[in-house]
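In what follows, a structure is listed as structure tokens, so that the remarks can point back to it.
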Amino acid sequence: MTLPPRHGRLRRLFTASAAAATLALTGCAQAQAKVASAAEVPPPGAVPGPALWKVSDADTTIYLFGTVHALPKDKPWFDNRIATAFRSADELVTEIDVSNVAATAQALAGQGALPKGQVLRTLMTPDNRQQYEAALVSLGLPVETLDPYEPWFAAMTLSLLPLLKSGYDAQSGVEVALASEKGPSKHSGLETIDQQIALFDTMPQDQQLSFLDQTVEAIPKAGVSLDAMVAEWIKGDAGKLAELLNAELTDAALRERLLTQRNANWARWVQQRLGQPGTVFVAVGAGHLAGQGSVQDQLRKTGIKVQRIWR
Numbered sequence: 001m002t003l004p005p006r007h008g009r010l011r012r013l014f015t016a017s018a019a020a021a022t023l024a025l026t027g028c029a030q031a032q033a034k035v036a037s038a039a040e041v042p043p044p045g046a047v048p049g050p051a052l053w054k055v056s057d058a059d060t061t062i063y064l065f066g067t068v069h070a071l072p073k074d075k076p077w078f079d080n081r082i083a084t085a086f087r088s089a090d091e092l093v094t095e096i097d098v099s100n101v102a103a104t105a106q107a108l109a110g111q112g113a114l115p116k117g118q119v120l121r122t123l124m125t126p127d128n129r130q131q132y133e134a135a136l137v138s139l140g141l142p143v144e145t146l147d148p149y150e151p152w153f154a155a156m157t158l159s160l161l162p163l164l165k166s167g168y169d170a171q172s173g174v175e176v177a178l179a180s181e182k183g184p185s186k187h188s189g190l191e192t193i194d195q196q197i198a199l200f201d202t203m204p205q206d207q208q209l210s211f212l213d214q215t216v217e218a219i220p221k222a223g224v225s226l227d228a229m230v231a232e233w234i235k236g237d238a239g240k241l242a243e244l245l246n247a248e249l250t251d252a253a254l255r256e257r258l259l260t261q262r263n264a265n266w267a268r269w270v271q272q273r274l275g276q277p278g279t280v281f282v283a284v285g286a287g288h289l290a291g292q293g294s295v296q297d298q299l300r301k302t303g304i305k306v307q308r309i310w311r
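Residues in the sequence shown are numbered consecutively from 1, following the numbering used here.
Here it is in structure tokens:
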């Protein structure tokens, strides 16, 4: 499906990286607790900075870096500690491979379309439709803008557009910046874009509509909420970040689908990757590396030591 020329904002959305386009999935998914482990207590003299962890054995080092998928332009975060780890790596691993933006845009637009003849707003309750239309108007969009798309896709779009209006830029997001930085020549993904889309696209329609309604309700405070999260991310306070993320999503089934199951999959990936020599820099949404049930938490339960890298 192609977008009409007048929908310039949506065109910009589709040309963003898949990681940015799935901000609601990976950056604002709910962490399960705000309690940090003893390993999160900074040593005396530690300087705040985005959180970085390391898992290693005799011949393998895996860095775990929590990212923010959209940032204000020129927001500094790439400190010497992160740069040293990144440039020592043989491979950059992100949630998906961010190198093919065109394929990402095509996949998002294609998989997000409703069957021919269906209209998004007709699937809503009258009250939800009224609130949804008011939200589109507040963003400067015609109420029919997202009519051809499924509820999950509309929710992701409406998660991003307020942030773009507030000065956030998907092209300033951490994954995009890392992919363009001088560092590992090999890039790969923990998931494919089709796998990420399927997390939403295979949800029952009533859950998709619930997700959309929650997103609409959050629009008035979206910029303020992300400002607070970015501030804690910059400070490297994973516990406080988890606490803020807790307020973003209350649906237990959605949390399990989008966060907990994926964290378990990625922890298994780390375990298996330790069997191969080399250095890997893994950059995933900060919500996956904060609080109980995080990737590090699940690794520790298997006896794998996770070390926080301070500066």
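Each residue gets a CB set at the ideal place from its N, CA and C atoms; glycine is no exception.
| Is residue 129 helix, strand or coil by DSSP? | Here residue 129 corresponds to residue number 129 of the sequence shown, with the count starting at 1. Looking at residue 129 - three-state DSSP - the assignment turns out to be helix.
| In the DSSP assignment, what are the bridge partners of residue 227? | The sequence position of residue 227 within the sequence shown is 227, counting from 1. DSSP output for residue 227 lists no bridge partner at all.
| message | Can you look up residue 239 in the DSSP assignment and give me helix, strand or coil? | response | Residue numbering aside, residue 239 sits at position 239 when the sequence shown is read from its first letter. Assignment of residue 239 by DSSP, reduced to helix, strand and coil, places it in the helix class.
| said: Check for me: the alpha helix (DSSP H) holding residue 95 runs from which residue to which? | reply: Stepping through the sequence shown from its first residue, residue 95 is reached at position 95. Neither: residue 95 is in no alpha helix (DSSP H) and is coded neither H nor E.
| message | Using the three-state DSSP reduction, which class does residue 25 fall into: helix, strand or coil? | response | To locate residue 25, count along the sequence shown from 1; it is residue 25. Interpretation of residue 25 is limited by its pLDDT of 41, a score under 50 that renders its predicted location unreliable; no figure is taken from the coordinates.
| Hey, quick one: how far does the alpha helix (DSSP H) through residue 215 stretch, first residue to last? | Locating residue 215 in the sequence shown gives position 215, where the first residue counts as 1. According to the DSSP assignment, residue 215 belongs to the alpha helix (DSSP H) that extends over 205-218.
| query | Going by the CB atoms, is the gap between residue 110 and residue 153 shorter than 8 Å? | reply | Position 153 of the sequence shown, counted from the start, is the residue given in the question as residue 153. Position 110 of the sequence shown, counted from the start, is the residue given in the question as residue 110. For residue 153 and residue 110, no; Cβs fall outside 8 Å.
| request: Give the single residue among 276, 260, 218 and 137 whose Cα lies nearest to the Cα of residue 292. | output: For the purposes of this step, residue 292 is taken as residue 292 along the sequence shown, with counting starting at 1. The shortest Cα separation from residue 292 among 276, 260, 218 and 137 belongs to 260.
| query | Is the distance from the Cβ of residue 67 to the Cβ of residue 175 below 8 Å? | reply | Here residue 67 corresponds to residue number 67 of the sequence shown, with the count starting at 1. Here residue 175 corresponds to residue number 175 of the sequence shown, with the count starting at 1. Going by C-beta atoms, residue 67 is nearer than 8 Å to residue 175.
| request: In the DSSP assignment, find the unbroken beta strand (DSSP E) run with residue 53 in it and report its ends. | output: Against the sequence shown, residue 53 aligns to sequence position 53. Run containing residue 53: 52-56, per the beta strand (DSSP E) assignment.
| said: Looking at the strands, I want to know which residues DSSP matches up with residue 165. | reply: Here residue 165 corresponds to residue number 165 of the sequence shown, with the count starting at 1. According to DSSP, residue 165 bridges with nothing at all.
| query | Got a sec? Which residues, its chain only, sit under 6 Å from residue 59 by beta carbon, not counting five neighbours each side? | reply | Counted from its first residue, the sequence shown places residue 59 at position 59. 277, listed in sequence order.
| field | Cut-off 8 Å between Cβ atoms - residues of its own chain near residue 182, not counting five sequence neighbours on either side | value | Taking the first residue of the sequence shown as position 1, residue 182 is located at position 182. Counting only Cβ-Cβ distances below 8 Å, and skipping sequence neighbours, we find 87.
| said: Do residue 165 and residue 146 have their beta-carbon atoms positioned less than 8 Å apart in this structure? | reply: The count along the sequence shown starts at 1 and reaches residue 146 at position 146. The count along the sequence shown starts at 1 and reaches residue 165 at position 165. Not in contact: residue 146 and residue 165 (Cβ atoms no closer than 8 Å).
| task | Return yes when the Cβ of residue 119 is within less than 8 Å of the Cβ of residue 133, no when it is not. | result | On the sequence shown, position 133 is the one that residue 133 refers to. On the sequence shown, position 119 is the one that residue 119 refers to. Not closer than 8 Å, so no.
| Can you find at least 3 beta carbon pairs, one from the stretch 198-213 and one from the stretch 274-288, that sit closer than 8 Å? | Result no; under three Cβ-Cβ pairs closer than 8 Å.
| So the beta strand (DSSP E) residue 302 belongs to, where does it begin and stop? | Looking up residue 302 in the sequence shown gives position 302. Taken as a continuous stretch (DSSP letters only), residue 302 belongs to no beta strand (DSSP E), as it is neither H nor E.
| request: Report yes if the C-beta distance between residue 266 and residue 190 is below 8 Å; otherwise report no. | output: The residue given as residue 266 occupies position 266 in the sequence shown. The residue given as residue 190 occupies position 190 in the sequence shown. Yes, these two residues count as a Cβ contact at 8 Å.
| message | Measuring only the C-alpha atoms, how far is residue 187 from residue 116? | response | Here the question's residue 187 lines up with position 187 in the sequence shown. Here the question's residue 116 lines up with position 116 in the sequence shown. In a straight line, the C-alpha of residue 187 is about 37 Å away from that of residue 116.
| field | residue 217 to residue 160 span [Cα, whole Å] | value | The residue you call residue 217 lines up with position 217 of the sequence shown. The residue you call residue 160 lines up with position 160 of the sequence shown. Whole-angstrom Cα-Cα distance: 14 Å.
| query | Is DSSP giving residue 309 helix, strand or coil here? | reply | The residue you call residue 309 lines up with position 309 of the sequence shown. In the three-state scheme derived from DSSP, where H, G and I count as helix and E and B as strand, residue 309 is classed as coil.
| field | Beta-carbon contacts of residue 32 that lie in its chain and below 7 Å, excluding the five residues immediately before and after | value | Taking the first residue of the sequence shown as position 1, residue 32 is located at position 32. Caution is warranted here: a pLDDT of 36 is assigned to residue 32, below 50, making its placement in the model unreliable, and the coordinate value is therefore given only provisionally. Closer than 7 Å at the Cβ level, and outside the excluded window around residue 32, lie 291, 292 and 293.
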